[in-house]
Amino acid sequence: MLVPRCYDRMYTTFGRHILGHVVEVLDTVGGPEICASNKLSKAHIGNFFGCLLFPWTCGGIRVSGVLYPFQGSGTLNLDLNPQQLEAVTTTQGPLLVIAGAGSGKTRTLVYRVAYLVEMGVVPESILLLTFTRRAAEEMLERASQLMDQRCRSVAGGTFHSFAYKVLRQYSQMVGFEGGFSVIDRGDTEDIIQSVISEMKDQLKNIRMPRKGTISEIISKARNLDKPIGNVLTNHFPHFANLEHIIVSIATNYNAYKSTHKLMDYDDLLLYFVKMLRERPDIREILSSHYRYVMVDEYQDTNKIQAEIIRYLCESHRNVMVVGDDSQAIYAFRGANYKNMFEFQEYFPEAKIIKLEENYRSTQHILNFTNAIMARAINTYTKCLFTKRVGGIVPRLVDTGTEPEQAIFVCDSIQYLMERGVPPWEIAVLFRASYHSFELEAELTRRRVPYVKYGGFKFLESAHIKDLLSFFRALLNPEDPIALGRVLMMVKNVGPTRVKKIQEWLKATKTPITLIAQWEEAQKARLKDLREELESLGNLFQELETLVSSPDRAVERVLDYYLPVLKEKYDDYPKRQRELQELIPMAERYNDVASFISDLILDPPNGNLGNVRESEAITLSTVHSAKGLEWAYVFIIWVAEGRFPSSMCLNDPEELEEERRLLYVAATRAKDDLILTYPSEDARKVYGFEERYYMGKTDGLSSFLLGLSGDVVHTIRFRKGSRDNVSLAFEPPKRSVAQKKPRVEARQEFKEDKAPEAGDFRPGEKVKHPAFGVGIVSKAPKDDKLEVLFARYGKKLLHLKYSNLEKI
DNA sequence: CATCACGCTGTTTTT
DNA sequence: CAGCGTGATG
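In my numbering, the protein residues as written are 7 to 813.
The structure is reproduced here in structure tokens:
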């Protein structure tokens, strides 16, 4: 007997797999014993619409071996809600999806890819544009698990990587006949530096902004599609008097790039859109190739990206954009969340779908985030709600000083891990990368492994740039910056000789391999120099034979470079290890050029491979945490001047973005959210801080002032009182007396023996130190076990980390 | 001509 | 604290 109310939850299970689970369908009604089960086959299901009807003809399903008769399946959270389903199945025409935090946006995109393929759309004609390439890869991976391997052929990536791909194909159309190389921000700054030194007679006695600031100004002007003067008055008023100088630096910078066949990140988009504007024929080719376009994180696209989308969809108008205006956090680099609303102007026939049910966080957390956003100046398009009950009210912890903040967070993390919370469910978020330095030191002292995301770039460290410049110089002999960097590594070669050598190379058209023939190096006095140049020439000669085996090329460069590295840095062992990480990365490529361009378009995150990710907690800037989630989230430094950043306090628009940033941070939390700030004067701790924050009031972030006690609980923490940590995590009603035996019981259990996989079977009742009583819902696999808890919902637990007890 | 030691300065977020 | 320019030294 079928229970009809389950229909709306079941009708979306259209594949053999639901998010990686093997699904079997039970033919008859009744208990597990009498259910005959059929493995779902393609034939059985037919197509998606066959699936829609499917539940009417069966008695229940079995998911990865666990039985879900229809009577109890209402809690099964593996499918789509009606809005998500509508977004998935609306494939024709423009579609705007406004998707709140944790509303299953990614799942919707994944299902939509799978659905399109299921409906017979050629995978190569689907284009999925995302914010990072990792996001695209993960979505396509999940879609492949849902459907089949065809989903891997879907075109996906960032706007920048897509632009690169297209521009390489049509490079002659944009005036780059022999192709081009992509440069990162570091290269940009190097070029600006050299442009400035060329212009230095014009610039004497002028106090110039730093090169990083100049490149920021130029980039912002281009991304906003506004003149430099405009950007200066709006964002850098103190440099407004330098307008004509910066404009001419920009002109020279652009000229430099085109003569040397270089494109920066902005160029990729700008040349792409320029080509689309001017060439209806190419528009038509692309538009007929990519028949279905999807864009994720649409609130963080800029005007140029929106224009690119319009051109790409010109003829078919099958475009779905997904975004959330309340999570727009990239205005500083020219993003324009108004694209979300302007979409309807260009696509008036667009269907609009809102996803407002949050599946991630507890209601307590949403109460908090809603309260933060309720005080925003702008009004946003949705309000989140959840069916998740239980959990605990977010805490705001005043930790006194910064060292105590680090101690509190470390104590808390250790407290949680001792109680079985796996490290990958814990994250510490902060506004700016350097905010975590103190915490990192404390974690290192206590040997708590962590992975840090955001801030410092692997690619920007000097040794990596050194290494890459060999390949740059190899691939693009017209790139004097890269070659210059290489030459500077040679002993007794400084800026002057670099310049002379480059001029000589150019004048005599000598290939780099014969660099040792440089006239001046023939002098007997400079024998050492000539030998150095000879070995450099040999290196390049060998590299030319290795262009199609990047891993061997990296090894060869390392042979040459490691001695230089040892000379240059005291901490060379660490740097050497990082460099060697590049070898396995290079192995995946067939040629050096694609290895290098991929590295630049999708730079790897900071710490590579030093810790096993499964052992490590996460530290991340809020920007880098976008789209991710953890059970326990700490947000540190919620202090005025840090979060919001002191740089944004004067501008209401920027302050508004800071607020959204805090919203993004808080909505990463599934079960528990803890905010911390040092209320006392932390300035005395660091001389450096003292100067910077002089005259500013630290103290609590204005975003958190005057929140009601229902929304957040305030706690004081001072060093040396670990009780405070338990206070922060345990409901106040529970007495200390009750708490103690629990801990002892756990220790006894530990002495016993570690639980084995075979000890737990689906359906058994277990007790978890932090989550309480639950029922095993999925058999152990790879030491992992899924348990359904009354208060916390489904949890994937690691047997090694969670002290589970059978009861 | 390269290199080193010194002191000053400005601190965000990223494809 | 690091990245920069400056001036002294080899």
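Virtual Cβ for every residue (Gly too), placed ideally from N, Cα, C.
- Annotation: the continuous alpha helix (DSSP H) that includes K533 extends over K533 to T551.
- The Cβ atoms of I413 and I623 do not sit closer than 8 Å to each other.
- For F374, there is no enclosing beta strand (DSSP E); the enclosing alpha helix (DSSP H) covers residues Q369 to A380.
- Around the CB of I602, 16 or more other CB atoms lie within 10 Å, so the residue is classed as buried.
- By alpha-carbon distance to A631, the top candidate from G500, E410, L668 and F391 is L668.
- Per DSSP, I359 is one residue of the beta strand (DSSP E) stretching across K357 to L361.
- By the 16-neighbour rule on beta-carbons within 10 angstroms, R366 is buried.
- With a threshold of 16 other beta carbon atoms within 10 Å, A433 meets it and is buried.
- Less than 8 Å divides the Cβ of M281 from the Cβ of Y176.
- If you check the CB distance, D302 and F137 come in under 8 Å.
- CA-to-CA, the gap between N258 and E635 works out to about 44 Å.
- Judged by DSSP in its simplified three-state form, L480 adopts helix.
- Taking Y304 as the centre and dropping the five residues before and after it, the same chain places the C-beta of V327, V328, G329, N345 and M346 closer than 7 Å to its C-beta, in chain order.
- Non-local beta-carbon contacts of R285 in its own chain, meaning distances under 7 Å to residues more than five positions away in sequence, involve M179 in chain order.
- In this chain, the alpha helix (DSSP H) harbouring M494 covers P486 to M494.
- If you look at M214, you'll find it isn't in any alpha helix (DSSP H); DSSP assigns it neither H nor E.
- Close CB contacts of P100 within its chain, under the 6 Å cut and outside five residues either way in sequence, are with R323, V325, F353 and A356 (chain order).
- At least 8 Å separates the beta-carbon of I251 from that of I198.
- In the structure shown, the three-state DSSP call for A637 is strand.
- The region 552-570 and the region 591-602 touch, with three or more beta-carbon pairs separated by less than 8 Å.
- No residue range can be given for G99, since it is assigned to no alpha helix (DSSP H) and is classified by DSSP as neither H nor E.
- Contact between Y683 and L706 is confirmed by a C-beta separation of about 6 Å, below the 8 Å threshold.
- At least 8 Å separates the beta-carbon of L361 from that of L372.
- When only Cα atoms are considered, D485 and R478 end up about 7 Å apart.
- Exclusion of the five residues before and after K533 leaves no residue of its chain whose Cβ lies closer than 7 Å to its Cβ.
- When Cβ pairs closer than 8 Å are counted between the two stretches, the region 109-120 is seen not to touch the region 580-588, the count staying below three.
- By the 16-neighbour rule on beta-carbons within 10 angstroms, S294 is exposed.
- E664 counts as buried, since no fewer than 16 other beta carbons sit within 10 angstroms of its beta carbon.
- Classified as buried, F245 has 16 or more neighbouring CB atoms from the shown chains inside 10 Å of its CB.
- I234 is not a Cβ neighbour of L276, given a cutoff of 8 Å.
- For the pair T385 and E363, the CB atoms are not nearer than the 8 Å cut-off.
- Here L152 is actually not in contact with V94; their C-beta atoms are around 11 Å apart, not less than 8 Å.
- With a minimum length of 4 residues, the unbroken runs of alpha helix (DSSP H) contained wholly in the region 90-167 fall at 111-124 and 139-152.
- Between A645 and V403, the beta carbon gap of about 12 Å keeps them out of contact (Cβ cut-off 8 Å).
- Assigned with DSSP and collapsed to three states, E662 falls in helix.
- For a cut-off of 8 Å, the C-beta gap from K458 to L588 is around 19 Å, too long to register as a contact.
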